[in-house]
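A.B. asks: No gaps in the numbering here: position 60 of the sequence shown is 63 in the working numbering, and each next residue is one more. Don't be surprised by glycine CBs; every beta carbon is placed ideally from N, CA and C. Keep in mind it's a predicted model, so treat the numbers as computed, not measured.
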Amino acid sequence: MVSKFALAALAAAALFASVPAEAKSLKGDAFITAMEGNTLYGKAADGTKYKVYFLPGGQATIQEGTAEAQHGTWSLDKAGDVCLKWPAAVASEDGCYRVDVVGHKVTWSNKDGSQKARLFGGVAPLDMTKGQ
4 MVSKFALAAL
14 AAAALFASVP
24 AEAKSLKGDA
34 FITAMEGNTL
44 YGKAADGTKY
54 KVYFLPGGQA
64 TIQEGTAEAQ
74 HGTWSLDKAG
84 DVCLKWPAAV
94 ASEDGCYRVD
104 VVGHKVTWSN
114 KDGSQKARLF
124 GGVAPLDMTK
134 GQ
C-alpha cells in the first residue's frame, strides 16, 4: 500500500517537473563561464547547421554546414551582450546578441530576431556529421 506521504511527494514532483525552467541571461562573466569548454550547435534561419566554439580572450571558431571552419572574434558590449565579428566567408551575421539559456538550450536574440541553439559540453571537432 502506498502511503499518503508518498502520493503527496509524487504529486509535488510531477507538478515541479511540469513547470518550465526560467531562462537565465548570460551576460558578462556568466557568458564566459558558460561557454568555456563548450561547443554551441545551432541551425541558421536558412536551415544551415553551424557549430561555434568560443575561446578565452575573444577568439571564436565557426563551421557552417560542411564548409571549412572560419575564425572570428567575440567581445562583450557595455550591456554584457556578446558581439560577434566574422570574416566575409561566413554567412552568419556580425552583431551583438543577448544570450539566454535554459539547461542546454540557448537563444540568441537581437533587434532582427532570435535563433535557437544547444550547448554541448566538450570541444567538438569542427566538421559536420550526419548526427549533428
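For Gly50 versus Gln118, is the C-beta distance shorter than 9 Å?
C.D. replies: In the sequence shown, residue 50 corresponds to position 47, counting from 1. In the sequence shown, residue 118 corresponds to position 115, counting from 1. Their beta carbons are not under 9 Å apart, which means Gly50 does not touch Gln118 by this criterion.
A.B. asks: Where are the beta strand (DSSP E) runs, 3 residues long or more, that stay fully inside the region 32-116, in chain order?
C.D. replies: Runs of the beta strand (DSSP E) inside the region 32-116: 41-46, 52-58, 62-67, 73-79, 85-88, 98-105 and 108-113.
A.B. asks: For Lys30, which residues from the same chain have a beta carbon less than 6 Å from its beta carbon, with the 5 sequence-adjacent residues on both sides left out?
C.D. replies: In the sequence shown, counting from the first residue as 1, residue 30 sits at position 27. Closer than 6 Å at the Cβ level, and outside the excluded window around Lys30, lie Gly83.
A.B. asks: Around the Cβ of Glu25, are there at least 16 other Cβ atoms within 10 angstroms (buried) or fewer (exposed)?
C.D. replies: Stepping through the sequence shown from its first residue, residue 25 is reached at position 22. Exposed: under 16 other Cβ atoms inside 10 Å.
A.B. asks: Specify the secondary structure class of Ala120 as computed by DSSP and reduced to three states.
C.D. replies: Mapped onto the sequence shown, residue 120 falls at position 117. Here Ala120 sits in strand by DSSP.
A.B. asks: Where does Lys27 sit, in a helix, a strand or coil, going by DSSP?
C.D. replies: Residue numbering aside, residue 27 sits at position 24 when the sequence shown is read from its first letter. If DSSP states are grouped into helix, strand and coil, Lys27 belongs with the strands.
A.B. asks: Got a sec? Which residues, its chain only, sit under 6 Å from Arg101 by beta carbon, not counting five neighbours each side?
C.D. replies: Residue numbering aside, residue 101 sits at position 98 when the sequence shown is read from its first letter. Asp84 and Ser112.
A.B. asks: When the Cα of Asp115 is compared with those of Thr76, Ser28 and Asp97, which residue comes out closest?
C.D. replies: Numbered from its first residue, the sequence shown carries residue 115 at position 112. Closest by alpha carbon: Asp97.
A.B. asks: Let me know the secondary structure DSSP gives Ala12 once reduced to three states.
C.D. replies: For the purposes of this step, residue 12 is identified with residue 9 of the sequence shown, where counting begins at 1. Only weak support exists for where Ala12 lies, its pLDDT of 35 falling under 50; the coordinates are left without a value.
A.B. asks: By Cβ distance, which residues of its chain are closer than 6 Å to Leu122, with the 5 residues on each side in sequence left out?
C.D. replies: By one-based count along the sequence shown, residue 122 stands at place 119. Closer than 6 Å at Cβ, skipping near neighbours: Asn41, Leu43, His107 and Val109.
A.B. asks: Kindly list the residues whose CB is nearer than 6 Å to the CB of Leu37, restricted to its own chain and excluding five residues on each side of it in sequence; keep chain order.
C.D. replies: Indexing the sequence shown from 1 puts residue 37 at position 34. Going by the sequence as given, residue 37 is Ala instead of Leu. Excluding positions up to five away in sequence, the list reads Leu29.
A.B. asks: CB-CB under 8 Å to Ala47, same chain, minus the five flanking residues each way: which ones, in chain order?
C.D. replies: Here residue 47 corresponds to residue number 44 of the sequence shown, with the count starting at 1. Contacts found: Tyr53, Glu67, Ala94, Ser95 and Gln118.
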